[in-house]
Structure formats: structure tokens, C-alpha cells
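In the UniProt record's numbering, the protein residues as written are 1 to 143. The C-beta atom is built at its ideal place from N, Cα and C for all residues, glycine as well.
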């Protein structure tokens, strides 16, 4: 699934959230993807820092994340300093650890809890499972 299609989906979700008065933020998959995280991590950290400032009033921040050829959805629960990973292929945490590391760099400035030094992470959340040997992960990330 092309990043542009995911961006259109995010815009649609933003409009729906605004209309329904939901307190949800979204991050741009053009910046938040494995290629950018590995090649320009400082730029990504700056983007996340600005997003944290812009979304201080949000309960959740949704971030579709492209790992080369596979989409996952990260749900940042801001009030709990917690990230839920929704992965239709149930990949190992090491496959997306780089994005968690990038999120934790600006975390100390924006965390809600004084007790935590980094986000807690929940992997293996019960989301729709993608059948083997198909390429519909974008659909599952948007579900």
C-alpha cells in the first residue's frame, strides 16, 4: 500500500475525529517509516517532539508505520505513557525496535508519569490477523 493512500486515509480519519469531537492525533507516515527512522533519526525525533507539543491535548496518537513492505499501527496512549503495537503479522518486537527507540528519545520531556523513563509497550494486541502470503497489511493497519 502506497504511503500517499495511507496519508489520505489519515486525513479522512482526522476529519471524522474532528466531526465526532474525538481527541485523537495522527502522525505522518511520510516521516514515520523505517527508511526515515534509520537514515534520518534526528529529523524524526524533531518531528516527534513537535508532534508531542502539538498533541498535548490528545488522548491517543495513531501512527501507521511502514517497515519496508509491511504496515503496522502504533497507538500512543498519552495519558498512560504507553504504546500499543497492532501488527497483523505478529512480527517480533525486534523488527520495529528502532521506532520505539526514536520515540523514547524525546519522551523524557513530554511524559505524564514521573516514574517512567520510557514508554511501556504492548505487543501482540488482538487485532485482525493477516492471512499468510498476502500483501494486505495496509488494510489491516487501517482497520
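Is residue 21 helix, strand or coil by DSSP? Mapped onto the chain shown, residue 21 falls at position 21. Reduced to three states, the DSSP call for residue 21 is coil.
By DSSP, does residue 123 sit in helix, in strand, or in coil? Taking the first residue of the chain shown as 1, we reach residue 123 at position 123. Of the three classes helix, strand and coil, the one that applies to residue 123 here is coil, per DSSP.
Residue 95 in three-state terms, based on DSSP: Counting from one through the chain shown, the residue named residue 95 turns up at place 95. Helix at residue 95.
Within 8 Å, do at least three Cβ pairs link the segment 82-93 to the segment 22-36? no
According to DSSP, which residues form a beta bridge with residue 33? Here residue 33 corresponds to residue number 33 of the chain shown, with the count starting at 1. According to DSSP, which records beta bridges pairwise, residue 33 is partnered with 66.
Three or more C-beta pairs under 8 Å: does that hold for the segment 27-47 against the segment 66-77? yes
When the Cα atoms are used, what is the spatial distance from residue 41 to residue 22? Numbered from 1 along the chain shown, position 41 holds the residue referred to as residue 41. Numbered from 1 along the chain shown, position 22 holds the residue referred to as residue 22. Each residue's Cα considered, the two are about 30 Å apart.
Cross-strand partners of residue 82 (DSSP beta bridge): Against the chain shown, residue 82 aligns to sequence position 82. In DSSP, residue 82 forms a bridge with 77, 120.
Return the chain-ordered list of same chain residues with a C-beta closer than 8 Å to the C-beta of residue 3, the five sequence neighbours on each side being excluded. On the chain shown, residue 3 is found 3 positions in, with the first residue counted as 1. For residue 3, where only same-chain residues beyond five positions count, the Cβ hits under 8 Å are 29, 30, 33, 66.
Decide if the segment 43-50 is in contact with the segment 87-107; the criterion is three or more beta carbon pairs, one per stretch, under 8 Å apart. yes
Within 10 angstroms of the Cβ of residue 61, are there 16 or more other Cβ atoms? Answer buried if so, exposed if not. As a position in the chain shown, residue 61 is number 61, starting the count at 1. Classification of residue 61: buried, given that the 10 Å Cβ count is 16 or more.
Measure the Cβ-Cβ separation of residue 45 and residue 99 and say whether it is below 9 Å. The residue labelled residue 45 in the question sits at position 45 within the chain shown. The residue labelled residue 99 in the question sits at position 99 within the chain shown. For residue 45 and residue 99, no; Cβs fall outside 9 Å.
Which whole-angstrom value is the C-beta distance of residue 122 and residue 82, which I expect to be below 8 Å? Taking the chain shown and counting its residues from 1, the one referred to as residue 122 is at position 122. Taking the chain shown and counting its residues from 1, the one referred to as residue 82 is at position 82. Going by Cβ atoms, the distance from residue 122 to residue 82 rounds to 7 Å, so yes, they are a contact pair.
Bridge partners for residue 107 per DSSP, in chain order? One-based indexing of the chain shown puts residue 107 at position 107. Bridge partners of residue 107: none, in fact.
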